[in-house]
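Let me begin by presenting the structure, written as structure tokens, before commenting on it.
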Amino acid sequence: MSPYCLIFEKACHLLVELEHNAYWAVRKLNFHMQAAWEKRLLQLNELDKFRLQTYENAKIYKEKTKRWHNKKIMECHFELGQYVLLFNSRLKLFPGKLKSRWSRPFCITKIFFHGAVELENESSRNQFKVNA
26 MSPYCLIFEK ACHLLVELEH NAYWAVRKLN FHMQAAWEKR LLQLNELDKF
76 RLQTYENAKI YKEKTKRWHN KKIMECHFEL GQYVLLFNSR LKLFPGKLKS
126 RWSRPFCITK IFFHGAVELE NESSRNQFKV NA
């Protein structure tokens, strides 16, 4: 026997008893190993079906949302010389509570084939391109 076991004899026995009780409980719970394995496999299959169904539902939701959004978009046709308002999408924080995100009317000077337009400021004659 080691000197530790001689001094702390009850502690050694207590550890062995605890280890034996833990082993007994694990053995009792896992007595039907095949049934537990089949049940776990069934749970994993159900979880996989649930995950696939969730992906399918998310796909359907995205398609419906896209159709609804595309239906709400109005198609704009611009012509040369037409006056338009410019939407400032970068204006996130503004000092005035009721400050508008739309800027003064600009005149369209050129229309590009890919959808961009060239606008001209009437007062300063500055020209710049924006996405239509």
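First residue of the sequence shown? That's 26 in my numbering, and the numbers climb one at a time after it. The C-beta atom is built at its ideal place from N, Cα and C for all residues, glycine as well. The structure presented is a predicted model; accordingly, all values stated were derived computationally and were not measured.
With 16 other Cβ atoms within 10 Å as the buried cut-off, status of residue i
{"i": "residue 142", "result": "buried"}
{"i": "residue 69", "result": "exposed"}
{"i": "residue 131", "result": "buried"}
{"i": "residue 144", "result": "buried"}
Where residue i falls: helix, strand or coil (DSSP)
{"i": "residue 129", "result": "strand"}
{"i": "residue 72", "result": "helix"}
{"i": "residue 110", "result": "strand"}
{"i": "residue 67", "result": "helix"}
{"i": "residue 102", "result": "coil"}
{"i": "residue 57", "result": "coil"}
Beta-bridge partners of residue i, as assigned by DSSP
{"i": "residue 141", "result": "156"}
{"i": "residue 136", "result": "142"}
Spatial distance of residue i from residue j (CA atoms)
{"i": "residue 22", "j": "residue 91", "result": "Past the boundaries of the shown model lies residue 22; the chain is included only from 26 to 157, so the question cannot be answered."}
{"i": "residue 135", "j": "residue 97", "result": "27 Å"}
{"i": "residue 73", "j": "residue 67", "result": "10 Å"}
{"i": "residue 71", "j": "residue 64", "result": "11 Å"}
{"i": "residue 147", "j": "residue 127", "result": "16 Å"}
{"i": "residue 133", "j": "residue 89", "result": "35 Å"}
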